[in-house]
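Numbering (the numbering used here), first residue to last: 210 to 685.
Here a beta-carbon is modelled for each residue, glycine too, at the ideal position from N, C-alpha and C.
In what follows, a structure is listed as structure tokens, so that the remarks can point back to it.
And the structure:
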């Protein structure tokens, strides 16, 4: 039987606020265990939480960026369950009235565009972290993360493949980064995802029994886990067995999922409005002020890059993968006026260096103005393209301007016609067979002669002038 996967994603994104969602404790990652806590985030009796206004603003910003309806009034609720890293015995979340509802994210997968619906975006505080001792059968609890503000983004079950799931997650993460409201770091747990997966017979409207996948901390893990779970459920259904509704963990080492517990439903959490927190009322003026402050988002920026700069869709996708990289590209284009040449150089030379050093574009020692100067020198024929690559490597290592490197090392293009003609005559005399081939109509051999000339001039021969002189000599 043919089956169709049905996938819905629940993403938790930690927000880049200085303090926690309901208290003034700091949110910095990496502090010594249990040093960023207070009676409020530890849930001591008699404490009164107060909502973080910046977290509310960030929630509204994401809602607007994903086409959501913003609730004029939303409520915090207590989500009751026991876990060792949840000191209050409940999590403060939103249930019946989330702050954002009914949005969408458009994805592009191999040229096919698809809209994935967003059911809701709501605020909640994070739990702590269990640290398992590798040598002893004990676990320790670090409550520093307890109370850190989260946005939970719940998609509609519109996703039909692991590839679509990853495309959706990448698009969502890009939006969060462009808005500057989350760092999207999956390794540190500030962007994490749970996936609900089920199969149904092709053409069926009714959903199958779903499982929830947890413990996936990279796009690759998510894709592998979804592939495995789809295969596992298909094998069960083909064998006439039942798929259990449960929560399963992904084991990267074993490349498999395994059962953790039965899947909880809303009634299991015994939600009720938090009596210590007043409803959040959002004035229209504040929503419009936030809307006006939104940056150009990734999808719109990609379309503009293709339209304005006439670069391929692939280039635009790479260059808009981060807001800082997109800004770098546009600044470099302003100085050089050559969008495609700037794009090529960034995607090849610059990004190779950054990847090797594990640097972000914001740490690049070559400024956009410095790159522009280098490309202008190539366009003006002052240095060759090959020399430009060597010059760029030194610019990246030393932070020195291209013009200074070229002058200091004597790398300027050789335009002395007399000297070039003398070298060309030597090369032609040494390679009579290739000369005969050229005169017999095999014009591709011209590349061989150019290569020999560039080798003898260490890449400094003016390409245009050299090509003209070579053809003149070969025509004699």
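By the three-class DSSP mapping on this structure, what secondary structure does residue i have?
| i | result |
| --- | --- |
| residue 313 | strand |
| residue 596 | helix |
| residue 651 | coil |
| residue 338 | strand |
| residue 665 | helix |
| residue 332 | strand |
| residue 300 | strand |
| residue 269 | helix |
| residue 251 | coil |
| residue 327 | strand |
| residue 229 | coil |
| residue 278 | strand |
| residue 607 | helix |
| residue 634 | helix |
Cβ of residue i within 8 angstroms of Cβ of residue j?
| i | j | result |
| --- | --- | --- |
| residue 316 | residue 258 | no |
| residue 366 | residue 416 | yes |
| residue 278 | residue 310 | yes |
| residue 544 | residue 578 | yes |
| residue 647 | residue 678 | no |
| residue 326 | residue 313 | yes |
| residue 686 | residue 218 | Lying outside 210 to 685, the shown extent of the chain, residue 686 is not represented and no answer is given. |
| residue 643 | residue 654 | yes |
| residue 570 | residue 518 | no |
| residue 252 | residue 293 | no |
| residue 387 | residue 559 | no |
| residue 435 | residue 404 | yes |
| residue 590 | residue 673 | yes |
| residue 236 | residue 226 | yes |
| residue 224 | residue 359 | yes |
| residue 458 | residue 452 | no |
| residue 270 | residue 390 | yes |
Buried or exposed: which applies to residue i, given that a residue is buried once 16 or more other Cβ atoms fall within 10 Å of its Cβ?
| i | result |
| --- | --- |
| residue 438 | buried |
| residue 373 | buried |
| residue 421 | buried |
| residue 470 | exposed |
| residue 606 | exposed |
| residue 303 | buried |
| residue 525 | buried |
| residue 616 | exposed |
| residue 321 | exposed |
Where do the N-terminal and C-terminal ends of the alpha helix (DSSP H) with residue i fall, by residue?
| i | result |
| --- | --- |
| residue 577 | 577-588 |
| residue 239 | Counting along the chain, residue 239 falls outside any alpha helix (DSSP H), and DSSP gives it neither H nor E. |
| residue 499 | 493-502 |
| residue 553 | 548-554 |
| residue 681 | 672-684 |
| residue 614 | 611-618 |
| residue 542 | 532-545 |
| residue 686 | Outside the displayed range of the chain (210 to 685) lies residue 686, so it cannot be described from this structure. |
| residue 564 | 560-566 |
| residue 523 | 522-528 |
Provide the residue span of the beta strand (DSSP E) that contains residue i, from first to last.
| i | result |
| --- | --- |
| residue 350 | 348-351 |
| residue 217 | 212-223 |
| residue 286 | 286-289 |
Is residue i close to chain B? Criterion is C-beta to C-beta, closer than 8 angstroms.
| i | result |
| --- | --- |
| residue 406 | Absent here is chain B; the protein component of the structure consists of one chain. |
Where are the beta strand (DSSP E) runs, 3 residues long or more, that stay fully inside the segment 364-411, in chain order?
-> Runs found: 400-410.
Inside the segment 403-478 only - beta strand (DSSP E) runs reaching at least 3 residues = 420-423, 455-460 and 465-471
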